[in-house]
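Take a look at the structure below.
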Amino acid sequence: MTIKKISIIGLGALGVLFGDHLSKKMRTEDLRIIADQDRILRYESEKLYSNGEQCKFHYVTPEEDCGPADLLIISVKFNGLENAIKSVKKHVGDHTIIISLLNGITSENIIGETYGMDKVLYCVAQGMDAVKVGNELTYEHMGMLCFGSKEPGVISPKAKKLAEFFEQMDVPFELDTDMYRRQWGKFMLNVGVNQTVAIYKSNYGEIQREGKAREMMIAAMREVIALSEKEGVQLTEKNLSYWLKVLGTLSPNGKPSMAQDVEAQRFSEVELFAGTVIELGRKYQISTPVNQELYDKIKMIETRYSVQ
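In terms of the UniProt record's numbering, the sequence shown is residues 1 to 308.
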């Protein structure tokens, strides 16, 4: 069975980026954007733009019966995951492949608890420098989607099928046979990059050059390396170097999602990053002072939202 019908929930930066790309390669009715009625009305009224070009999306509500998707892409924020899982119910069938573009290391298991881990491929979105402000997305680098099975060394039929589809759609991808390690590597990057840029209220350029911000970022990442060994993943300095090279390819003017959240006074995913690190640190009795500092500073910034 080939992949023909795609459903996407979540029109943040990644949802718009990949949704817009796919919309130019597929029949309109075969790409369904799932959203509630209020959101749909807003999207249709205000429009959405990707690099200055209006996106042409086909919207459906969670209640509509439009048949299961061959591929379901979940690209909401972590705090919207629970609701998204309920909203995609009518889009999941026996043969649906599900990928999550969420940050962190837990969304696949949460999705799998409802729909079965057999439907879920592990996925990491990396290398993009997309910034979404209001209804406008801008980016220089599209990045790529890395995906595969959790089990090392395995390439499943679902992964092969998805690779074939992305090949046809010109979606940059990498089929990885060690996805859990890559996911932890991306988590390490997020912990360093997202949080540091957020507290400095800056951009990628701030941490691409030598200085206190970059030092803080790398120190936060090294705390993840220490924890990964206890979790059986065993990240190394080599993995750190790899992700720093990925960081070096991004536009200096780009910003990670957490920095965009702070700018817009939205509550961030700090619990997903420093919160997870601190929790694992307690579990294994490993000190995580840098992430504690980042956590405290971001929480302090967020307490000021309502009084400004």
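Every residue gets a Cβ at the ideal spot worked out from N, C-alpha and C, and that includes glycine. Please read all numbers here as calculations on a predicted model, not as lab measurements.
Per-residue burial, residue i [other beta carbons within 10 Å of its own, 16 or more giving buried]
i: valine 197; result: buried
i: serine 45; result: exposed
i: glutamine 308; result: Low confidence applies here, because glutamine 308 scores a pLDDT of 47, under 50, leaving its location unreliable and the question unanswered by this model.
i: threonine 288; result: buried
i: leucine 11; result: buried
i: alanine 84; result: buried
i: methionine 1; result: exposed
i: lysine 212; result: exposed
i: glutamine 265; result: exposed
i: glutamate 164; result: exposed
i: leucine 294; result: buried
i: lysine 186; result: buried
i: glutamate 210; result: exposed
i: arginine 27; result: exposed
i: valine 154; result: exposed
i: residue 309; result: This structure cannot speak to residue 309, because the chain is shown only from 1 to 308.
i: lysine 201; result: exposed
i: glycine 148; result: buried
i: glutamine 260; result: buried
i: glutamate 269; result: buried
i: aspartate 296; result: exposed
i: methionine 258; result: buried
i: threonine 236; result: exposed
i: threonine 276; result: buried
Residue i (DSSP reduced to helix, strand or coil)
i: serine 100; result: strand
i: lysine 132; result: strand
i: residue 325; result: Here the chain has residues from 1 to 308 only, and residue 325 is not among them.
i: alanine 125; result: strand
i: serine 267; result: Note that residue 267 corresponds to phenylalanine in the displayed sequence, not to serine. Phenylalanine 267: coil per DSSP, three-state reduction.
i: valine 120; result: strand
i: glycine 232; result: coil
i: glutamine 308; result: Because glutamine 308 sits at a pLDDT of 47, beneath the cut-off of 50, its placement in the model cannot be relied upon, and the following sentence gives the value as read from the coordinates. Three-state DSSP puts glutamine 308 in coil, outside helix and strand.
i: glycine 148; result: strand
i: glycine 275; result: helix
i: leucine 294; result: helix
i: asparagine 109; result: helix
i: lysine 255; result: coil
i: glycine 248; result: helix
i: asparagine 203; result: coil
i: aspartate 170; result: coil
i: residue 322; result: In this structure the chain extends from 1 to 308, so residue 322 is not present and cannot be described.
i: glutamate 210; result: coil
i: leucine 48; result: coil
i: valine 262; result: helix
i: isoleucine 40; result: helix
i: glycine 281; result: helix
Beta-carbon proximity list for residue i, same chain, < 8 Å, skipping 5 on both sides
i: leucine 240; result: Met188, Ile218, Met221, Arg222 and Ile225
i: asparagine 51; result: Leu137, Thr138 and Tyr139
i: glutamate 64; result: Lys90
i: valine 233; result: Tyr180, Arg181 and Trp184
i: lysine 238; result: none
i: alanine 159; result: Leu121, Phe147, Gly148, Ser149 and Leu175
Cβ-based neighbour list, residue i, same chain, cut-off 7 Å, excluding 5 preceding and 5 following
i: methionine 144; result: Gln126, Gly127, Pro172, Phe173 and Glu174
i: aspartate 30; result: Lys4, Lys5 and Ile6
i: serine 100; result: Ile74, Ser107, Glu108, Ile111 and Cys123
i: tyrosine 305; result: Gln265
i: proline 68; result: His91, Val92, Gly93 and Thr96
Rounded distance between the beta-carbons of residue j and residue i, thought under 8 Å
i: threonine 96; j: lysine 119; result: 6 Å
i: phenylalanine 57; j: isoleucine 33; result: 5 Å
i: tyrosine 49; j: asparagine 135; result: 6 Å
i: glycine 248; j: glutamine 292; result: With 8 Å as the limit, glycine 248 and glutamine 292 do not qualify as a contact, their Cβ atoms being about 27 Å apart.
i: cysteine 55; j: serine 23; result: 7 Å
i: aspartate 178; j: proline 157; result: Their Cβ separation, rounded to whole angstroms, is 19 Å, which puts aspartate 178 and proline 157 out of contact at 8 Å.
i: aspartate 170; j: lysine 25; result: 7 Å
i: leucine 244; j: glycine 104; result: At roughly 20 Å, the Cβ-Cβ gap does not stay under 8 Å, so leucine 244 and glycine 104 are not in contact.
i: glutamate 252; j: glycine 281; result: Note on identity: in this sequence residue 252 is proline, with glutamate being the wrong assignment. In fact, because the Cβ distance is near 32 Å, the residues do not count as touching under 8 Å.
Contacting residues, own chain, Cβ-Cβ under 6 Å from residue i (five flanking each side not counted)
i: lysine 255; result: Val131 and Asn203
i: tyrosine 284; result: Lys230
i: leucine 41; result: none
i: valine 115; result: According to the sequence as given, residue 115 is tyrosine; it is not valine. Around tyrosine 115: Val92.
i: glutamine 37; result: Thr61
i: methionine 216; result: Thr196
Residue i CB to nearest heavy atom of the ligand COA below 7 Å
i: valine 131; result: Annotation note on the ligand COA: not contained in the displayed structure, which lists no ligands.
- Item | beta strand (DSSP E) runs wholly inside the region 50-92, at least 3 long, in chain order | 58-60 and 71-74
- Message: Extract the residue ranges of the alpha helix (DSSP H) inside the region 2-37, only unbroken runs of 4 or more that lie entirely within it.
- Response: 13-23
- Message: Going residue by residue through the region 172-196, where are the continuous beta strand (DSSP E) segments of at least 3 residues, counting only ones entirely within it?
- Response: 173-175
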